[in-house]
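Line order of the protein sequences matches chains A and B. Residue numbers for the first sequence follow the working numbering, so the first one is 5 and each next one is one higher. Residue numbers for the second sequence follow the working numbering, so the first one is 5 and each next one is one higher. Notes follow the structure.
There are 2 protein chains.
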Amino acid sequence: MSRPSEFDLIRDCFSSGYPAANDLLLGIGDDCSLIRPPADMELAQSIDTQVAGVHFPTDAPGNLIASRALRCAVSDLAAMGAVPQGFHLALTLSDNNEDFLQDFASGLRLTANTLGIPLLGGDTTYGKQLTISVAVQGWLPRGLGLRRDAARAGQDVWLTGKVGAAALVLDDILRDPTRDDQETAPYYHPRVHLSFGHLLLSLATSAIDISDGLIQDARHIANASGVILNLDATAIPTSVSPEHSRWRECLTGGDDYQLLFTAPQSARERIEACALTAGLNHCARIGHVEEGEPDVCVRKNGELLTFEQEGYTHFNR
Amino acid sequence: MSRPSEFDLIRDCFSSGYPAANDLLLGIGDDCSLIRPPADMELAQSIDTQVAGVHFPTDAPGNLIASRALRCAVSDLAAMGAVPQGFHLALTLSDNNEDFLQDFASGLRLTANTLGIPLLGGDTTYGKQLTISVAVQGWLPRGLGLRRDAARAGQDVWLTGKVGAAALVLDDILRDPTRDDQETAPYYHPRVHLSFGHLLLSLATSAIDISDGLIQDARHIANASGVILNLDATAIPTSVSPEHSRWRECLTGGDDYQLLFTAPQSARERIEACALTAGLNHCARIGHVEEGEPDVCVRKNGELLTFEQEGYTHFNR
Numbered sequence: 005m006s007r008p009s010e011f012d013l014i015r016d017c018f019s020s021g022y023p024a025a026n027d028l029l030l031g032i033g034d035d036c037s038l039i040r041p042p043a044d045m046e047l048a049q050s051i052d053t054q055v056a057g058v059h060f061p062t063d064a065p066g067n068l069i070a071s072r073a074l075r076c077a078v079s080d081l082a083a084m085g086a087v088p089q090g091f092h093l094a095l096t097l098s099d100n101n102e103d104f105l106q107d108f109a110s111g112l113r114l115t116a117n118t119l120g121i122p123l124l125g126g127d128t129t130y131g132k133q134l135t136i137s138v139a140v141q142g143w144l145p146r147g148l149g150l151r152r153d154a155a156r157a158g159q160d161v162w163l164t165g166k167v168g169a170a171a172l173v174l175d176d177i178l179r180d181p182t183r184d185d186q187e188t189a190p191y192y193h194p195r196v197h198l199s200f201g202h203l204l205l206s207l208a209t210s211a212i213d214i215s216d217g218l219i220q221d222a223r224h225i226a227n228a229s230g231v232i233l234n235l236d237a238t239a240i241p242t243s244v245s246p247e248h249s250r251w252r253e254c255l256t257g258g259d260d261y262q263l264l265f266t267a268p269q270s271a272r273e274r275i276e277a278c279a280l281t282a283g284l285n286h287c288a289r290i291g292h293v294e295e296g297e298p299d300v301c302v303r304k305n306g307e308l309l310t311f312e313q314e315g316y317t318h319f320n321r
Numbered sequence: 005m006s007r008p009s010e011f012d013l014i015r016d017c018f019s020s021g022y023p024a025a026n027d028l029l030l031g032i033g034d035d036c037s038l039i040r041p042p043a044d045m046e047l048a049q050s051i052d053t054q055v056a057g058v059h060f061p062t063d064a065p066g067n068l069i070a071s072r073a074l075r076c077a078v079s080d081l082a083a084m085g086a087v088p089q090g091f092h093l094a095l096t097l098s099d100n101n102e103d104f105l106q107d108f109a110s111g112l113r114l115t116a117n118t119l120g121i122p123l124l125g126g127d128t129t130y131g132k133q134l135t136i137s138v139a140v141q142g143w144l145p146r147g148l149g150l151r152r153d154a155a156r157a158g159q160d161v162w163l164t165g166k167v168g169a170a171a172l173v174l175d176d177i178l179r180d181p182t183r184d185d186q187e188t189a190p191y192y193h194p195r196v197h198l199s200f201g202h203l204l205l206s207l208a209t210s211a212i213d214i215s216d217g218l219i220q221d222a223r224h225i226a227n228a229s230g231v232i233l234n235l236d237a238t239a240i241p242t243s244v245s246p247e248h249s250r251w252r253e254c255l256t257g258g259d260d261y262q263l264l265f266t267a268p269q270s271a272r273e274r275i276e277a278c279a280l281t282a283g284l285n286h287c288a289r290i291g292h293v294e295e296g297e298p299d300v301c302v303r304k305n306g307e308l309l310t311f312e313q314e315g316y317t318h319f320n321r
């Protein structure tokens, strides 16, 4: 069977079926894509890589890999409160056959349409290991982006929903990577809090999406803002109850892509109203910010918890 | 030896020593980088991946790999005539040790400073094979970007300089990937025609950078513009003379990142003056554009040449 040329392959798989971009002047097929920025907006950008056998099982179906890769990348836009503008895809294929590529492309299209983010361009190469880098970008009103360095003492700490489901289902997924149901959804199709993130622009002071574990990512806000995040373990919505043997993994497991954010106490009612509007049933106030040497303290009924590993570190292979 | 954490590693290697960006509001260290677009400009963007053992020798030194990866990516901005704004780096490390990473980072910094392009953000992961994706972007005055689809019959075809040197030195590089001298420079440090590309904005009609081979890339302009590119083989500046046994490889070899562009005949004198200003000693008029079914025709003393393979196709492994 002759291999399709790079150009045919890209054209067939990636050139159509994506949402339209108002500000796109030139898409796939030239040296560069071209966009026209709207007036008075800032551009938020992030790049995110997922490697087969590291970030997802090697034999997972293409459409599920694509969903996870794009959602994890777009989540960084949600954490800034940005409205998606588009993405570029760097796809390194391994010995994946054409069927795999069609599956991948179909999952990518579906996810892009669900999240409302157009594909602007890309590069397709071959290597030993399927590797997907997604460069995402979105617009933000001037000066309103949700950074990590603006948490202040006296503010509340919030979480958009339950953590732990993605981490706890991973064993099942490793046994059967093709499982695409309600239980595996938090892993393959993590909810991206785009609209809620955007609503938070005028309410929250800082935000981060939880990709590496609640405690580890909370520490990024603590360090960047120079504050202590005091968390009440029993207030944290988790996918299993505190009595469960794997409860602690919910706090360190990552992969759910909930948003952790801080906000003034005066915003409580409006945040709850926005959460209701966005359909977040488990959005919860889980702690408060204090002055002091940057740290994250988790207490369960008054007792300080310690964790051997606070989250996922990419280099701990 | 304990492995440094991802955060320490990124901070040490990639957080400083890059050129400053006027429009950068927030760089490495948050969920997203943030830039403020200048008024009335368009944003040109491209993503480019290089895989060890595919796009460069696996045992090439880190600083040379970084130079080539960044230059190849930025060349797409030159081909649009854009002024570099910044880049995001997705780096998948293999079993590369800390020394390699320091070398890579130092080559990246040096190249970024030479090309005047700041590092805005990135993602570092581990996999089986060193893989480098570089997402570059730059500003263009409204409506002036050099696209592939605007070559018209009657116009000239130009080339910024000699092709072939990078392709012909590859055998030597495979024997000794550490060679960093004048002969290997076209491969490891291809010249990026940023200032000349920018000068072409008001002179050229279409442009492309030659990464996959002169004839194959010329075909992209022919197809996008719906024209024939007639090239005079003896007018093409090549690194060896037409009598040399490897002369034909110069036309199909790619990797030199010269710019191929079209322009009205009325622009000849201004183009020659700009080439002189930019220090291009071998910028040459190598053919003309004709009406007809899209094609690239190369004639040597009147005889039509044919090529079994017109350039590098990424999927021909």
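All C-beta atoms, glycine included, are put in the ideal place defined by N, C-alpha and C.
Q.
Any C-beta of chain B within less than 8 Å: which residues of the region 110-135 of chain A qualify?
A. If the cut-off is 8 Å between Cβ atoms, the region 110-135 of chain A has L124, G125, G126, D127, T128, T129, Y130, G131, K132, Q133, T135 near chain B.
Q | Assumed close pair A/L264, A/A211 - CB separation to whole angstroms, cut-off 8 Å | A | Numbered from its first residue, the first sequence carries residue 264 of chain A at position 260. Numbered from its first residue, the first sequence carries residue 211 of chain A at position 207. The C-beta distance from A/L264 to A/A211 rounds to 7 Å, short enough to meet the 8 Å contact threshold.
(Q) Looking at the strands, I want to know which residues DSSP matches up with B/Q49. (A) Position 45 of the second sequence, counting from 1, holds the residue named residue 49 of chain B. A/S37, B/Q141.
Q.
Just to confirm before moving on: does the CB-CB distance between B/I219 and B/T256 stay below 8 Å?
A. Working through the second sequence from its first residue, we reach residue 219 of chain B at position 215. Working through the second sequence from its first residue, we reach residue 256 of chain B at position 252. Cβ atoms of B/I219 and B/T256: closer than 8 Å.
Q. How big is the Cα-Cα spacing for A/L172 and A/R250?
A. Position 168 of the first sequence, counted from the start, is the residue given in the question as residue 172 of chain A. Position 246 of the first sequence, counted from the start, is the residue given in the question as residue 250 of chain A. Rounded to whole angstroms, the separation of the alpha carbons of A/R250 and A/L172 is 8 Å.
Q: Name, please, each residue of chain A whose Cβ falls closer than 7 Å to the Cβ of B/P41.
A: Taking the first residue of the second sequence as position 1, residue 41 of chain B is located at position 37. Near B/P41 (Cβ distances below 7 Å), the residues of chain A are P41, L47.
Q. Buried or exposed: B/G57, going by 16 or more other Cβ atoms within 10 Å of its Cβ?
A. To locate residue 57 of chain B, count along the second sequence from 1; it is residue 53. Per the 10 Å Cβ criterion, exposed.
**Q.** Sequence-distant residues of its chain with Cβ nearer than 6 Å to B/T135 (five each side left out)
**A.** The residue labelled residue 135 of chain B in the question sits at position 131 within the second sequence. The residues are V55, T96.
(Q) Give me, in chain order, the residues of the same chain whose beta-carbon lies closer than 6 Å to that of A/G230; leave out the 5 immediate sequence neighbours on both sides. (A) If you number the first sequence from 1, residue 230 of chain A lands on position 226. Within the same chain, A/G230 has close Cβ partners P298.
Q. Can you list the residues of chain A that B/L203 reaches, using a CB-CB cut of under 9 Å?
A. Residue numbering aside, residue 203 of chain B sits at position 199 when the second sequence is read from its first letter. The premise fails here: B/L203 is roughly 17 Å from chain A at the closest Cβ pair, so nothing lies under 9 Å.
Q. What residue does the beta strand (DSSP E) around B/F91 start on, and which one ends it?
A. As a first step, residue 91 of chain B is located in the second sequence; it is residue number 87 there, counting from the start. Note, B/F91: beta strand (DSSP E), 87-97.
Q: For A/E307, name the three-state secondary structure that DSSP assigns.
A: Position 303 of the first sequence, counted from the start, is the residue given in the question as residue 307 of chain A. Reduced to three states, the DSSP call for A/E307 is strand.
Q: Can you pull the chain B residues whose beta carbon is under 7 Å from the beta carbon of A/D35, in chain order?
A: On the first sequence, position 31 is the one that residue 35 of chain A refers to. Those within 7 Å of A/D35 in chain B are S50, D80, A83, M84, I212, D213.
Q: Run through the region 186-211 of chain A for me and flag every whole alpha helix (DSSP H) of 4 or more residues, listed as ranges in chain order.
A: Runs found: 189-192, 198-203.
**Q.** B/N234, enclosing beta strand (DSSP E) - first and last residue
**A.** The count along the second sequence starts at 1 and reaches residue 234 of chain B at position 230. Segment 232-236, the beta strand (DSSP E) holding B/N234.
Q: Closer than 8 Å by C-beta to A/L148: which residues in its own chain qualify, once you throw out the five before and the five after it? Chain order, please.
A: In the first sequence, counting from the first residue as 1, residue 148 of chain A sits at position 144. Here the set comprises G85, L205, S206.
Q) What are the boundary residues of the beta strand (DSSP E) that A/H292 is part of? A) The sequence position of residue 292 of chain A within the first sequence is 288, counting from 1. Membership of A/H292 in the beta strand (DSSP E) is indicated by the continuous run 288-294.
Q. For B/Y130, which beta-bridge partners are listed by DSSP?
A. For the purposes of this step, residue 130 of chain B is taken as the residue at position 126 of the second sequence. Per the DSSP secondary-structure output, B/Y130 pairs in a beta bridge with B/L97.
**Q.** Proximity winner among A/T182, A/A43, A/Q141, A/A222, relative to A/C301 (alpha-carbon distances)
**A.** To locate residue 301 of chain A, count along the first sequence from 1; it is residue 297. Closest option to A/C301, Cα to Cα, is A/A222.
Q) Can you tell which of B/D12, B/Q313, B/L93 has the C-alpha that lies nearest to the C-alpha of B/D216? A) On the second sequence, position 212 is the one that residue 216 of chain B refers to. Residue B/Q313 is the option with its Cα nearest to B/D216.
Q) DSSP three-state call for B/G57: helix, strand or coil? A) Reading the second sequence from its first residue, position 53 is the one you call residue 57 of chain B. DSSP places B/G57 in coil when its eight states are reduced to three.
(Q) Under 7 Å, CB to CB, which of the residues in the region 52-77 of chain B have a partner in chain A? (A) Within the region 52-77 of chain B, the residues whose Cβ lies closer than 7 Å to any Cβ of chain A are, in chain order, D52, T53, V55, V58.
Q) If you measure from the beta carbon of B/H286 to each beta carbon in chain A, is any gap under 8 Å? A) Position 282 of the second sequence holds residue 286 of chain B. Output row for B/H286: interface = no.
(Q) According to DSSP, simplified to helix, strand and coil, what is B/R146? (A) As a first step, residue 146 of chain B must be located in the second sequence, where it is residue number 142. Here B/R146 sits in coil by DSSP.
Q) For a contact meaning CB atoms closer than 8 Å, what does A/A94 contact in chain B? A) Within the first sequence, numbered from 1, the residue matching residue 94 of chain A stands at position 90. From the beta-carbon of A/A94, the residues of chain B found nearer than 8 Å are I51, D52, T53, A94, S137, A139.
(Q) Please identify the residue among B/R72, B/A169, B/I51, B/A155 whose C-alpha is closest to the C-alpha of B/T4. (A) Past the edges of chain B, shown from 5 to 321, lies residue 4 of chain B, and the structure says nothing about it.
Q) beta strand (DSSP E) containing B/G160: first to last residue? A) To locate residue 160 of chain B, count along the second sequence from 1; it is residue 156. This sequence places Asp at residue 160 of chain B; Gly is not what is there. In this chain, the beta strand (DSSP E) harbouring B/D160 covers 160-163.
Q. Contact check, B/S335 vs B/V140 under 8 Å by CB: the rounded distance?
A. A question about residue 335 of chain B goes unanswered here, because the residues of chain B that appear run from 5 up to 321.
Q | According to DSSP, residues forming a beta bridge with A/R151 | A | Counting from one through the first sequence, the residue named residue 151 of chain A turns up at place 147. Answer is A/S210, bridged to A/R151.
Q: Can you give me the Cβ contacts of B/A279 inside the same chain, cut-off strictly under 8 Å, excluding the 5 residues immediately before and after it?
A: Working through the second sequence from its first residue, we reach residue 279 of chain B at position 275. Only T164, F200, C287 meet the Cβ criterion.
(Q) Tell me the residue span of the beta strand (DSSP E) that contains A/A267. (A) On the first sequence, position 263 is the one that residue 267 of chain A refers to. Going by DSSP, A/A267 is part of the beta strand (DSSP E) stretching over 263-267.
(Q) Against B/L30, what residues of chain A qualify as contacts under a CB-to-CB distance less than 8 Å, listed in chain order? (A) In the second sequence, residue 30 of chain B corresponds to position 26, counting from 1. Using a Cβ-Cβ cut-off of 8 Å, B/L30 is close to G149, R151 of chain A, given in chain order.
Q) Counting along the chain, where does the alpha helix (DSSP H) carrying A/L28 start and finish? A) Against the first sequence, residue 28 of chain A aligns to sequence position 24. Looking at the DSSP string, A/L28 is not in any alpha helix (DSSP H); the run it does join, the beta strand (DSSP E), is 28-30.
Q.
If contact is defined by three or more beta carbon pairs under 8 Å, each pair taking one atom from either stretch, is the region 60-75 of chain A in contact with the region 118-138 of chain A?
A. The count of Cβ pairs closer than 8 Å, one atom from the region 118-138 of chain A and one from the region 60-75 of chain A, reaches three, so the stretches are in contact.
Q | Simplified DSSP state of A/G168, which is helix, strand or coil | A | Along the first sequence, read from residue 1 onward, the residue named residue 168 of chain A stands at position 164. In this structure, DSSP gives A/G168 a state outside helix and strand, which the three-state scheme calls coil.
Q.
Suppose contacts are defined by Cβ-Cβ distances below 8 Å. Is A/Q106 in contact with A/C36 by that definition?
A. Counting from 1 along the first sequence, the entry for residue 106 of chain A is found at position 102. Counting from 1 along the first sequence, the entry for residue 36 of chain A is found at position 32. Taking 8 Å as the Cβ cut-off, A/Q106 and A/C36 do not qualify as a contacting pair.
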